[in-house]
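Counting in numbering that gives the first Met the number 0, the sequence shown runs from 0 upward without gaps.
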Amino acid sequence: MRVPLTIGDFLERAAIVYGERVALVDEPGRPGTLGSVTYAGMRRRARSMAARLDALGLEHGDRVAIVSPNAARFAIALFGTSAFGRVAVPTNFRLNADEIGYIVKHSGARVVLIDPELDEALAGVSAEHRIVLDGTADEELFADRESEPTAWEADEDATASINYTSGTTARPKGVQLTHRTLWLNAVTFGWHVGVSDRDVYLHTLPMFHVNGWGMPYALTAMGAKQVVLRKVDGEEILRRIEAEGVTLLCGAPAVVTAVLDAATLRRDKGEEVPGRELVRIVVAGAPPPSKTIERVETELGWEFIQIYGLTETAPLLTVNRRPSEWDGLDPAERSRLLSRAGVPAVGVQLRIDPEGEILARSNNALEGYWEQPEDTAKAIQDGYFRTGDGGYLDGAHLVIADRKKDVIISGGENVSSIEVEDCLYQHPAVAEVAVIGVPHEKWGETVKALIVQREGEAAEERDIIEFCRQRMAHYKCPTSVEVVDALPRTATGKLQKFKLRQPYWEGHDRLVN
Ligand code: AMP
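Okay, structure coming up:
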């Protein structure tokens, strides 16, 4: 027997087994907040959404873009679209109107859902149907009543979501993830992290980022309670953990730092830090320093789990979770071992090519880049996905040591150097430019621009940064600008970025942060 694996399976099961349980605790005090939603209620609302999309004339396969910080409506929309044959396009809400407009247009989204706080700034972003998630305009879309959406002939190879990611091109690329891919990622991720029906999850990870890395699927399947967090703030995270009995959260290393700082403030005031021996935190996006891991274990008493992956791999490729053999080690040594990206997840095969690039073979890897067959052909070669990351194997453990692709990762989000360079070339004082990532205590890496000035023009750092801030999402903009006489190039004229990065990375054992 072959039953198609579709993400609708997760919500159907939750509604049957855990119908009366709280599925979602929405962020309080926001326009359109849904308060507490049970799994039966989540299913009703997802079906209402599907029926409403039918009424708007959407066919199966049509795209629906979602531009919003974390919200219950977002989690429901992941199911209300894909579980009924449409394609979700979760979009980074920190991008500016031009960038979001590009994604909406490129994906061909017929519907765009927009958070009320972004409505004005994104006034120019439109689609056939533009709906603000304020509880009024979207009332029909999330109605808590029985609806009968058009049946969809379940197909596990159908695209469930398109997730845009900044890579090696000036514009982001749409990663097509199928139902089968998302299903297998959710199941293996849930297995490795041990998601159970007793878990209470805090959504510290943006839901747009690989569909909250697939956690909403894994948690829904198990009927776990999910607490929505709209904005990352260390103290607020601790408060929610205390109030809701949170046991599991995920984030980039910057989230860990925010929590550690808030915990230090609490301890200084003689206040308790919640979650000891109860919470596990899953970290990815950049290699966390081993000192940070040690502090999570000793100061918070939480379990630290690292994973590594990409949007293109849905994302799980490797996992580093303390095996029983490490129980007796002292925390510093254990943290050193945990600072590696980890061992292949179930179903993943890894290889390192002669140039040191990590290649992965897995059912989690993308179907392709949306309408970019040439980029797809470059990314998947001889049955392996080229990660663009550089690394090596330490026994079975993968270590990420370098980045082959020209991407900077700041606060867990990708920044394409080429995109930033493109923007800087529009500045009248810029004759030549190279954009690199340099280490940063809070964000892991930050964007730095090295500029050769055009003759007779003066390139002021403040002015150049402001120029970028007016044109790109702020997290992509340089935080420092240096004027240089010339940029090192190869005989064929290619920029030698490794030479430019060297002085800033001295004393670091890895060239990524
Ligand atoms: P994204 O597609 O935005 O999720 O970014 C994926 C990139 O994040 C990868 O190609 C890596 O460069 C980086 N990354 C993710 N997880 C880790 C990790 N555990 N250690 C080092 N880098 C990571």
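We treat Cβ as the ideally placed atom computed from N, Cα and C, and that holds for glycine. This structure is a prediction, so every number in the text was calculated from the model and none was measured.
Quiz item: Is any heavy atom in the ligand AMP found nearer than 7 Å to the beta carbon of residue 520?
Solution: Look at the range of the chain in this structure, 0 to 512, and you will see that residue 520 is not part of it.
Self-check item: Candidates 440, 279, 359, 220: closest to residue 20 by CA position
Solution: 220
Exercise. Leaving out five residues on either side along the sequence, give the residues of the same chain with a beta carbon under 7 Å from the beta carbon of residue 73.
Key: 65, 67, 206
Quiz item: Can you check whether the CB of residue 85 is closer than 8 Å to the CB of residue 57?
Solution: yes
Quiz item: The alpha helix (DSSP H) spanning residue 42 covers which residue range?
Solution: 38-54
Exercise. State buried or exposed for residue 445, treating a residue as buried only when at least 16 other CB atoms are found within 10 Å of its CB.
Key: buried
Quiz prompt | Contacts around residue 541, its chain only, beta-carbon distance under 6 Å, and the 5 residues preceding and following it disregarded | solution = This structure does not reach residue 541, given that the chain is present from 0 up to 512, and the question cannot be answered.
Exercise. Note down the Cα distance separating residue 229 from residue 353, rounded to an integer number of angstroms.
Key: 43 Å
Quiz item: Buried or exposed: where does residue 172 fall if 16 or more other Cβ atoms within 10 Å of its Cβ makes it buried?
Solution: buried
Exercise. Return the Cβ separation of residue 383 and residue 402 in integer angstroms, given the expectation that the two are a contact with Cβ distance under 8 Å.
Key: Contact flag wrong, Cβ pair sits at about 18 Å.
Quiz item: Any heavy atom of the ligand AMP closer than 7 Å to the CB of residue 364?
Solution: no
Quiz item: Taking the DSSP output, what are the residues bridged to residue 402?
Solution: 388
Practice problem: State yes or no: is the beta carbon of residue 226 nearer than 8 Å to at least one beta carbon in chain C? | Solution: Among the chains in the structure shown there is no chain C, since it carries only a single protein chain.
Exercise. Could you say which of 163, 208, 349 lies nearest to residue 283 if we only look at CA atoms?
Key: 208
Quiz prompt | Residue range of the alpha helix (DSSP H) that includes residue 191 | solution = 178-192
Self-check item: Whole-angstrom distance between residue 89 and residue 371, CA atom to CA atom
Solution: 19 Å
Quiz prompt | Exposure label - residue 242; buried when at least 16 CB within 10 Å | solution = exposed
Quiz prompt | Within the segment 306-393, ranges of the beta strand (DSSP E) (whole runs, at least 3 residues) | solution = 315-319, 347-351, 356-361, 383-393
Exercise. Measure the alpha-carbon distance for residue 265 versus residue 462 and round it to whole angstroms.
Key: 39 Å
Self-check item: At least three beta-carbon pairs within less than 8 Å, the segment 291-300 to the segment 448-461
Solution: no
Quiz prompt | Same chain, Cβ closer than 7 Å to residue 336, neighbours up to 5 away in sequence not counted | solution = 325
Exercise. Give me the Cα-Cα distance between residue 42 and residue 407, rounded to the nearest whole angstrom.
Key: 39 Å
Exercise. Over the uninterrupted beta strand (DSSP E) stretch that includes residue 436, give me the two end residues.
Key: 429-439
Self-check item: Of the residues 280, 299, 271, the one placed nearest residue 259, counting alpha carbons only
Solution: 299
Quiz prompt | Beta-carbon proximity list for residue 348, same chain, < 6 Å, skipping 5 on both sides | solution = 360
Quiz item: Whose C-alpha, out of 176, 210, 222, is nearest the C-alpha of residue 194?
Solution: 222
Practice problem: Taking 8 Å as the threshold, find out whether the segment 173-182 comes into contact with the segment 142-156 through three or more Cβ pairs. | Solution: yes
Quiz item: Less than 7 Å between the CB of residue 413 and some heavy atom of the ligand AMP, yes or no?
Solution: yes
Practice problem: Sort 441, 378, 390, 473 by Cα distance to residue 422 and report the nearest one. | Solution: 473
Quiz item: What residue from 150, 127, 112 has the CA that sits closest to residue 135's CA?
Solution: 112
Quiz item: Going straight from the alpha carbon of residue 197 to that of residue 224, what length do you get?
Solution: 8 Å
Exercise. Would you give the residue range spanned by the alpha helix (DSSP H) that residue 255 belongs to?
Key: 252-267
Quiz prompt | Pairwise C-alpha distance: residue 440 and residue 488 | solution = 30 Å
Quiz item: Looking at the unbroken beta strand (DSSP E) that takes in residue 164, where does it start and where does it end?
Solution: 158-164
Quiz item: Out of 313, 332, 307, 362, which has the shortest C-alpha to C-alpha gap to residue 341?
Solution: 307
Quiz item: residue 314 and residue 212: beta carbons closer than 8 Å?
Solution: yes
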